[in-house]
Amino acid sequence: MLVVADDMGYSDLGCYGGEIATPALDRLGRAGARLSRFYNTARCSPSRASLLTGLHPHQTGIGILTSDDRPDGYRGSLNDRCVTLAEMLRAAGYATSLSGKWHLASDVWTASDAWPTRRGFDRFFGTLSGCGSYYRPTTLTRGEEAAEDEASAPGFFYTDAITKEAEEFVRAQAVREPDRPFFLYVAYTAPHWPLHARAEDIARYRGVFDAGWDELRAARLGRLVGEGLMPAGTALSDRDPTQPAWVDAPDRDWQVSRMQTYAAQIDRMDRGVGRIAAALEETGALANTLFCFLSDNGASAEPLPIADVESFRRRRSIVPPATWSGQPLRIGNAPDMVPGPEDTYASYGRAWANLSNTPFRFYKRWVHEGGISTPFIAHWPAGGIGPRVVHAPFQLTDFVPTVLEATGASWPATCPGRDPLPLEGRSMLAALRGRRVDGRALHWEHLGNAAIRRDRWKLVREHARSWELYDVDADRAELVDEAPRHPDVVSDLSAAWTAWASRVGVIPWERVQAIYLREGKGDPAG
Ligand SMILES: [Ca+2]
């Protein structure tokens, strides 16, 4: 079972130092392995592509998001050189089900060979697009049939609908095919914007964030050290330089309401995980289920609207035309727009994202630690994964080999009509079981932002800027640039990164930008 959160930061969960109530994930995390250095790949679609195929995102056709930018850019849909984990496990006899977000097909309205139902999932209930209203999710689909009307039922809330579908699948399988193994992928959209949550969930966080982002960031780092996830002495990055000190921040009541709503989104997701775990327990499957949880990218500093309100409002794949009762949506972040209700469409902003990514710098889209660091929980008592913190670094390409080793399923060297690329990662199972594993280089590229990590060194740069070098064992928050003192390491790692980028088909960011400029397609990063 794989549970993915959307745009959740490194330290939001209780068992990773956060204030948010996540008892279900805390219980699984503390009874299983928690990884301190697991990395996603900075953005929704590329992360999901890598997670499900064991390849780097560029190899699957999804280098940015799901815009089809051929012939000069990426395809924006899973290509035929990759095989999904669902396809591999189904071939090994597993029942397969996806409940939640897909975001791996450029066409979200017409079924294609990049839809989940044609990529190994027997069952699919969820959204094809990258995000949307929790009360009225656009592109909601069941199998290959439009299902947006299902959300018109009284009391519908997308997070709960994802949970319900997954829980029913677990209970139904126990009756329908009790001896057949299954792969259940639960892809919540929480806590991605818009900030939608029920009033009673938001009320659970009254007072929790009143101390503000400065105090709370320091407290989170203290708890990360206490949990054994960060070494004692880890330095906290400075507050994002564009953001005010909490004591100087205007509209603090509104600021608090944004973070309360974000917390309520995670809280609701965690209660869903608790319900699914209870279903696994009641059907006798929990102890012998490899349960994994992670977030697809670091916390998001994205403002809303991205571009102007009117063009944003026209994005039908993520913005519903109105509320179910016909009210227009209020899109944007302003002190007179308290988030949560169906007619709002807001995000929580850069300063709170800075808290979510404690102790790191930067956000979703960047490949500095704040963009790519995620909690990773693996729970499988019958599989020898006991309570421990694992510090070995891994990235998304390592997930598929881990599941293949755990299940005994095999990678399909041949698929009819396809020529799949070999897997890029390696199994994490030995490390999850507490054994030492050798180091290996990890690589990233997104929007021209680039990084490579080998042993204690991480070489990283923002697009069009110079390489920075950090000793991420001693300086995880990337505060002291060692590049001037170690030019040999910089040249060695930059050459290794360039060779990797060339091999996996990274398209230079300038070329992608040129397509958008030429065709008037707007901002390729948006
Ligand atoms: Ca995301």
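In this note's numbering, the protein residues as written are 5 to 530. Ideal Cβ positions, reconstructed from N, Cα and C, are used throughout, including at glycine. Because the structure is a prediction, the values reported are computed rather than measured.
A direct Cα-to-Cα measurement between N337 and E346 gives close to 15 angstroms. By the neighbour-count criterion, in which a residue is buried when 16 or more other Cβ atoms sit within 10 angstroms of its Cβ, T246 is exposed. The alpha-carbon separation between R365 and R41 amounts to approximately 15 angstroms.
Note: E449 is bridge-paired with A454 in the DSSP secondary-structure output. In the three-state scheme derived from DSSP, where H, G and I count as helix and E and B as strand, D475 is classed as strand. Secondary structure in the region 114 to 158: the beta strand (DSSP E) runs of 3 residues or longer, each lying completely within the stretch, are 127 to 131, 144 to 146 in chain order.
The residue among L463, A96, A481, T163 with its C-alpha nearest the C-alpha of A487 is L463. Per the DSSP secondary-structure output, C419 pairs in a beta bridge with R422. At least one heavy atom of ligand 1 lies closer than 7 angstroms to the C-beta of H196. By the neighbour-count criterion, in which a residue is buried when 16 or more other Cβ atoms sit within 10 angstroms of its Cβ, P50 is buried. Secondary structure note for L220: its alpha helix (DSSP H) is the uninterrupted segment 216 to 230. Proximity to T131 across A151, G288, P307, P198 peaks at A151, based on C-alpha coordinates. At the C-beta level, R52 and A90 stay beyond 8 angstroms of one another. Here E204 is exposed, its C-beta having fewer than 16 other C-beta atoms within 10 Å. In this structure the region 349 to 367 lies against the region 10 to 24, because at least three pairs of beta carbons, one per stretch, are closer than 8 angstroms. Within its own chain, the residues whose Cβ lies closer than 6 angstroms to the Cβ of V229, once the five positions on either side in sequence are excluded, are A236, listed in chain order. In this model, E449 and D300 are separated by some 15 angstroms (Cα to Cα).
Contact annotation: the region 420 to 438 does not touch the region 482 to 498, with fewer than three C-beta pairs closer than 8 angstroms. Looking at R202, L199, R256, the one whose alpha-carbon comes closest to that of D218 is R256. If you look at K168, you'll find it in the alpha helix (DSSP H) that goes 162 to 180. Around H196, the same chain offers D10, D11, C135 as residues with beta carbons nearer than 6 angstroms, after the five sequence neighbours per side are excluded. Take the alpha-carbon of L102 and the one of C48: they are about 16 angstroms apart. With contacts defined as CB atoms closer than 8 angstroms, R180 and A283 fail to qualify as a contacting pair. With contacts defined as CB atoms closer than 8 angstroms, P198 and R262 fail to qualify as a contacting pair. Considering only A28, R74, T26, the residue with the shortest C-alpha distance to Y520 is R74. Membership of R465 in any alpha helix (DSSP H) is not indicated; the residue belongs instead to the beta strand (DSSP E) covering 461 to 465.
Closest in alpha carbon position to T45, among A37, G438, P61, L39, is P61.
Of the heavy atoms belonging to ligand 1, at least one sits nearer than 7 angstroms to the Cβ of D10. Straight through space, the alpha carbons of D312 and T406 are spaced by roughly 43 angstroms. A residue is called buried when at least 16 other Cβ atoms come within 10 angstroms of its Cβ; N83 meets this threshold and is buried. When the Cα atoms are used, S321 and P254 turn out to be separated by approximately 34 angstroms.
In this structure, the beta-carbon distance from L451 to R369 falls below 8 angstroms. Only residues of its own chain outside the window of five on either side were considered, and among them P195, L199, Y352, W356 have a CB closer than 7 angstroms to the CB of Y266, listed in chain order.
By the beta-carbon neighbour count (other beta carbons within 10 angstroms, threshold 16), S495 is exposed. Per DSSP, the unbroken alpha helix (DSSP H) holding R256 starts and ends at 256 to 286. Judged by DSSP in its simplified three-state form, S103 adopts strand.
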